[in-house]
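Chains as they are written, first to last, in the working numbering: chain G, 17 to 374; chain D, 421 to 609; chain Y, 47 to 623.
Beta carbons: idealized from backbone N, C-alpha and C, even for Gly.
Structure, rendered in structure tokens:
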């Protein structure tokens, strides 16, 4: 009997929970409300099945307890009943499948009149590219990436020169405008996911994947990487700001084109943004996967080897080029070596870190 | 100790060893099916540069064929209890299988010397991987061959031999068939 | 036929001489089964311990300094891999399969006892290699149990640049060899060595389940083997099967042109049948237990068998439902969503038939029965949430969130483990000749059942919210409210309690070995052959002089023409009183 009571509480609780749960869909901010509808359809149909079957089981347990000397009914088959149940189940499955397939059709039909944005993932930072005035993306290649050419754009392609590059993880989008995201990755798998937009798609290195949605509510939203991408996966946070069309135009006009970025001098802040250093090293003194940079320049640091060193330009440069040679105490030895940065770039990074302690 | 029979209903009249070997061959087929699938998938990518197939492979193929012929001979010897024929057949089958495997390693050597390194192109990698996997399975067969041949030459447990020799032959023909398919795929793509 | 009996006589030549032969390098299926169970439980406890570490971080972020992001991901990875492959697959097929196949089919041993022994030792070796990866520099791989390239073999992922990933892949390859040896044995034994009268359609459902799960494994594991070999090549020899152009650490790596999605296809071609490799034996255990303890024939045996065969067949064409948002050709989504939802129909039939078995039954609320009924509830729950994730568009907002964690733990962790415990309580008397302690069993049951439900049920709802899985900490995200952190704390406390409760079972298993009540020969009054042996527990060779002869199906409970409420399979119509 205890089993029946406890299980009945579990079953009733499972159903009631859907009406009182403090956790529910994040407030919708895109056109994908239909995906929520399909979830609700699924919840209703499966909920009914769950209640019916578990009630039947509990009823049997109450109704047919063991009685000494009693024999159960001998009934190996009942083809008619089995057929009925099969048909009912099949109908339920069709009721689930039809809206699902319909929604998928919408989800993968990319609209023609959309704003195009390219989303680029790398460990552990997001960046974006707009095709620029000519409306055409320049060619890219995985072989052309460098710490300067962070999008791997072909420098000789005339279409690429006016491409607008968004580095630093924050992208703006205009409200009520369909957006097609073309997604690619520089290194490993990632997944572009904004919970309020519902849509989600993996970024796969070596190929392009697509995603579209239409932001419907002004505001600032977080991008959370939804495909495991290494130690900093949980820290791969980005920001999408949904603006009015005018505000968006104003913001876009201020962003640099590819041609402009190629003529920049070495800028420490820019480099650490584009290399994704900030996913692990905070600039405000808070702890992360790696030690923070905020307020540490010139201080002493204990290493896992037991030594103590001063955080100076030399230490910083060595730590970038050969991180395993001096692991800070209390941190895991997980940082990749950035051996190909030029001395000019290393100095720029060290200078930037220095400014964080002033 | 009567009624010791395993079952009155042995499946399709097969022996234990036959079921074992047939299911094993199914599993191996699946393995090669996946690798060929991956090959056909991967070859559509831009960086694919086909490997020139060494002429030596034709020679190796003939060797494998001769090994199978040896097995046919051994099997017919085992059926007619012509021990001499069985021994000769088994020896031929084994020797030609060994020649085949050595020939394959020689072919790798040739490719390597002429600059087709394992990791320089996916076509090269697949070539080495596919041929190596096949050669490994031939080597596995040679272990069984060694056990059976050893018994045949000692002429013990004679009752068992026709079946063992027969099954070994089946595996040999199967390896030839797999090689035929793989080789055809390698030279046509 | 002569040949067969000769082979069998030849096999009977094996007689253990001394302690090593009897207990260590034994070829007796019962000892091998025990060896499998012990090793699997030991490594399973390790897997559980890793999950506790993981929960400690999630419940109390930052409190335990030794759990950094790297080791957290290592715990996650090894927990998943150990539980799926080295615990559940090994325990269900290696343990239950080895023990039950010869006993339930009425034969003396597996068809190839020596290969069977090799299978166990290969499995043992794979576990040793797996455990070794904990002790290499930079530790075991932290790539997630799916081992997706490129990250699994690159630095930036724990163990990716060390030996961790290599050992993991090597261990899997050895495991696959072990499984193939065991699997060939099970298939041959089931097809060849059934007792007289034991037709295929008279086999107990658990044998059908193990048989089909073995087939699934034999056909699915090669995909993983191919994937593992190619991944080792990519990692060690720098080939580019799966590796495209990659810009990492400020430089373009030597790789180029490969396809990460290809690995995902290979992995899930194995990975989805793997779900059924675990689920089918659990189905089998439930089918046996529910019939025995409800004192009623299983409802719709034929339908059950055909449903199993349908599930096993369709299981091979649903794999890409794990990849809806993985960047594959989106049109494949239509196909895989349809096949995935179709597989729900035979699965539902199984649940109906278990439920209908209870109708007009005579239900004994024994400990195994409690586990059975709890399985029905959790499996129903987990199976139904699978309809969300299999249904392509519905999967989009939910994939890679805690909804997925809740779903697959409910369906392939909690449910199979409940079945597993039910099976342990049910067959323990057959193995040891003693009963397990009922009171301890009930305490263990209640904590496990309620605890696991409280752990996994709320996860679905933070999945609705969009909390992504595999996050070391959620602190940076504004869309995740404080209440999620509170919930995580609650779940962690539940996990600790459930984890501790498993030691009750362990204690029960060991204590009852010496102090348990002596079990009667057929303590549950079951019809199947494993309870009809001459000695109890069954000795070497299982059946004494005479092999049993089977006259009926295995669920003859409540037969109107008999006085007793059950008729064992080896009782002929004339012998019925």
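From residue i to residue j, what does the alpha carbon distance come to, in whole angstroms?
i              : j              : result
residue 93(Y)  : residue 452(Y) : 18 Å
residue 514(D) : residue 348(G) : 55 Å
residue 100(Y) : residue 92(G)  : 47 Å
residue 584(Y) : residue 172(Y) : 30 Å
residue 562(D) : residue 537(D) : 28 Å
residue 280(G) : residue 469(D) : 39 Å
residue 175(Y) : residue 566(D) : 30 Å
residue 318(G) : residue 345(G) : 6 Å
residue 369(G) : residue 360(G) : 14 Å
residue 140(G) : residue 237(G) : 18 Å
residue 123(Y) : residue 191(Y) : 5 Å
residue 187(G) : residue 300(Y) : 32 Å
residue 244(G) : residue 211(Y) : 16 Å
residue 95(G)  : residue 233(G) : 55 Å
residue 81(G)  : residue 574(Y) : 23 Å
residue 391(Y) : residue 357(Y) : 9 Å
residue 489(Y) : residue 80(Y)  : 25 Å
residue 558(D) : residue 484(D) : 10 Å
residue 425(Y) : residue 457(Y) : 5 Å
residue 78(Y)  : residue 130(Y) : 20 Å
Would you say residue i lies against chain A (beta-carbon separation less than 8 Å)?
i              : result
residue 436(D) : The chain inventory of the structure shown lacks chain A, comprising the protein chains G, D and Y.
What residues in its chain sit with their C-beta under 6 Å from that of residue i, if we drop five residues either side in the sequence?
i              : result
residue 303(Y) : 286
residue 183(G) : 143, 289, 290
residue 498(D) : 506, 581, 582, 585
residue 254(G) : 142, 185, 239
residue 593(D) : 488
residue 158(Y) : 231
Name the chain Y residues whose beta carbon is nearer than 9 Å to that of residue i?
i              : result
residue 217(G) : 371, 372, 373, 442
residue 498(D) : The premise fails here: residue 498(D) is roughly 14 Å from chain Y at the closest Cβ pair, so nothing lies under 9 Å.
Residues of chain Y with a CB under 8 Å from the CB of residue i: which are they?
i              : result
residue 101(G) : 394, 395, 398
residue 245(G) : 197
residue 209(G) : 446, 512, 514
residue 551(D) : Chain Y residues near residue 551(D): none, gap ~14 Å exceeds 8 Å.
As a quick exercise: from the options, pick the residue whose alpha carbon is nearest that of residue i.
i              : options                        : result
residue 610(Y) : 152(G), 289(G), 88(G)          : 88(G)
residue 398(Y) : 279(Y), 289(Y), 350(Y)         : 350(Y)
residue 318(Y) : 355(Y), 290(Y), 329(Y), 270(Y) : 270(Y)
Residues of chain Y with CB under 7 Å from residue i, in chain order?
i              : result
residue 205(G) : 194, 197, 306
residue 455(D) : 272
residue 37(G)  : 507
residue 538(D) : 283, 285
residue 81(G)  : 409
residue 197(G) : Under the 7 Å cutoff, chain Y gives no residues; its nearest Cβ is about 12 Å from residue 197(G).
residue 416(D) : Limits of chain D in this structure are 421 at one end and 609 at the other, which puts residue 416(D) out of reach.
Can you name, in chain order, every residue of its own chain whose Cβ lies under 8 Å from the Cβ of residue i, other than the five neighbours on each side?
i              : result
residue 386(G) : This structure leaves residue 386(G) out entirely; chain G is present only between 17 and 374.
residue 170(G) : 154, 155, 156, 157, 160, 176
residue 429(D) : Here the model assigns residue 429(D) a pLDDT of 49, short of 50, so the residue's position is not dependable, and the following value carries that caveat. For residue 429(D), where only same-chain residues beyond five positions count, there are no Cβ hits under 8 Å.
Excluding the 5 residues preceding and the 5 following residue i in the sequence, name in chain order all residues of the same chain whose CB lies nearer than 7 Å to its CB.
i              : result
residue 604(Y) : 341, 342, 343, 611
residue 56(Y)  : Residue placement at residue 56(Y) is flagged as unreliable, the pLDDT there being 40, under the threshold of 50; a coordinate-derived value is accordingly withheld.
residue 437(D) : 583, 587
residue 461(Y) : 328, 421, 424, 425, 428
Which chain G residues are close to residue i, counting only those with a beta carbon under 7 Å from its beta carbon?
i              : result
residue 606(Y) : 90
residue 458(Y) : Near residue 458(Y) there are no residues of chain G at all, since even the closest Cβ is about 18 Å away, more than 7 Å.
Which whole-angstrom value describes the C-beta separation of residue i and residue j, a residue pair presumed to lie in contact below a C-beta threshold of 8 Å?
i              : j              : result
residue 538(Y) : residue 106(Y) : 7 Å
residue 213(G) : residue 46(G)  : 4 Å
residue 219(G) : residue 135(G) : 7 Å
residue 261(G) : residue 180(G) : Incorrect: roughly 16 Å between the Cβ atoms, too far for contact.
If the cut is a Cβ gap below 7 Å, which residues of chain D does residue i touch?
i              : result
residue 303(Y) : 465, 466, 467, 542
residue 268(Y) : 447, 450, 451, 454
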